[in-house]
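So the sequence shown is residues 0 to 198, counted in numbering that gives the first Met the number 0. A virtual CB, placed ideally from N, CA and C, is assigned to each residue, including glycine.
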Amino acid sequence: MTTSAAAMHGLGEPSRWVRHWAHLIAPGGAVLDVASGAGRHARYLASLGHPVTAVDRDAAALDTLRDVPHVTPLAADIENAAWPLPADAKFAAVVVTNYLHRPLFPHLLDALAPGGVLVYETFAQGNETVGKPSNPAFLLAPGELLELVRGRLRVVAFQDGFLAQPRPAYVQRICAILEAERSADTAQAAPPPCYELAG
0 MTTSAAAMHG
10 LGEPSRWVRH
20 WAHLIAPGGA
30 VLDVASGAGR
40 HARYLASLGH
50 PVTAVDRDAA
60 ALDTLRDVPH
70 VTPLAADIEN
80 AAWPLPADAK
90 FAAVVVTNYL
100 HRPLFPHLLD
110 ALAPGGVLVY
120 ETFAQGNETV
130 GKPSNPAFLL
140 APGELLELVR
150 GRLRVVAFQD
160 GFLAQPRPAY
170 VQRICAILEA
180 ERSADTAQAA
190 PPPCYELAG
């Protein structure tokens, strides 16, 4: 990939899945955009008032974010080096699209603050029949994201299937929340959390 192509990677429209669930992120809450490229989601979420940490190994793509208000680019090889954030770094949302490196899953979940939202969307098995990626290492197995969050997060929405637009692809995507601990007294005195399902 040339430098100019790298710089353009991630400059398209934000994912409809990310836009659809952005309202669940706490107002002004910090967001971690993993494998951000040039930051299509970092830009969008920053425009909603969220401070965003955009992590990618592509320094040229991150350079396009240097002057974007509320966005902190962080160049890091998250596949071959240590996790680049402190263990106590917590976010109101973790966003991942079109990227899969399974050893990162524990870091992604640990990065969520109580009430934090995981918005994840990437390619799934079946995609090898319509294009790239076709390597099984980069394709989610049926229900894999559900298994990832089982027992840890509350699933608000999950989809696993075929999309015709913007190009034919098999995808799997999830929106799930790390619910804050509720004491027995609080649970009886207050209504349960309400996660509005956008129309």
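query                                                                                                                                                  : result
Per DSSP, Phe157 forms a beta bridge with which residues?                                                                                              : Ile173
Which first and last residues belong to the alpha helix (DSSP H) in which Phe104 is found?                                                             : Phe104 to Asp109
Out of His106, Leu99, Thr96 and Pro68, state which residue places its alpha-carbon closest to the alpha-carbon of Pro85.                               : His106
Please determine, among His40, Asp32, Ala91 and Tyr43, the residue with the shortest C-alpha to C-alpha distance to Ala179.                            : Ala91
For a test of the three-state rule: what should DSSP assign to Pro72, helix, strand or coil?                                                           : strand
Looking at Lys131 and the ligand FMN, is the gap between the Cβ and the nearest heavy atom below 8 Å?                                                  : Looking at this structure, you won't find the ligand FMN or any other ligand, since it has none at all.
Restricting to Cα atoms, I'd like to know which of Cys193, Phe157, Asp57 and Arg42 is closest to Leu144.                                               : Phe157
Does DSSP classify Pro50 as helix, strand or coil?                                                                                                     : coil
In whole angstroms, what is the alpha-carbon distance linking Pro68 and Asp109?                                                                        : 26 Å
Indicate whether the contact test is met: 3 or more Cβ pairs, each with one atom in the stretch 48-58 and one in the stretch 20-33, closer than 8 Å.   : yes
Does the beta-carbon distance from Ala45 to Val70 come in below 9 Å?                                                                                   : yes
Let me confirm a value: Ala163 is counted as buried when at least 16 other C-beta atoms fall within 10 Å, else exposed. Which label applies?           : exposed
What three-state label does DSSP hand Thr1 in the structure shown?                                                                                     : In this prediction, Thr1 has a pLDDT of 40, which is less than 50 and means its spatial position is unreliable; nothing more can be read from the coordinates.
Mapping the DSSP letters down to three states, classify Leu152 as helix, strand or coil.                                                               : coil
Out of curiosity, what's the CA-to-CA distance linking Ala41 and Asp32?                                                                                : 6 Å
Taking just the CA atoms, how far does Ala58 sit from Ala80?                                                                                           : 15 Å
Asp55: buried (16+ other C-beta within 10 angstroms of its C-beta) or exposed?                                                                         : buried
Per DSSP, what are the beta-bridge partners of Asp32 in this structure?                                                                                : Ala53 and Val94
Who are the near neighbours of Val116 in its chain, counting only those whose CB is closer than 6 Å to its CB and skipping five residues on each side? : Leu23, Ile24, Ala92 and Ile176
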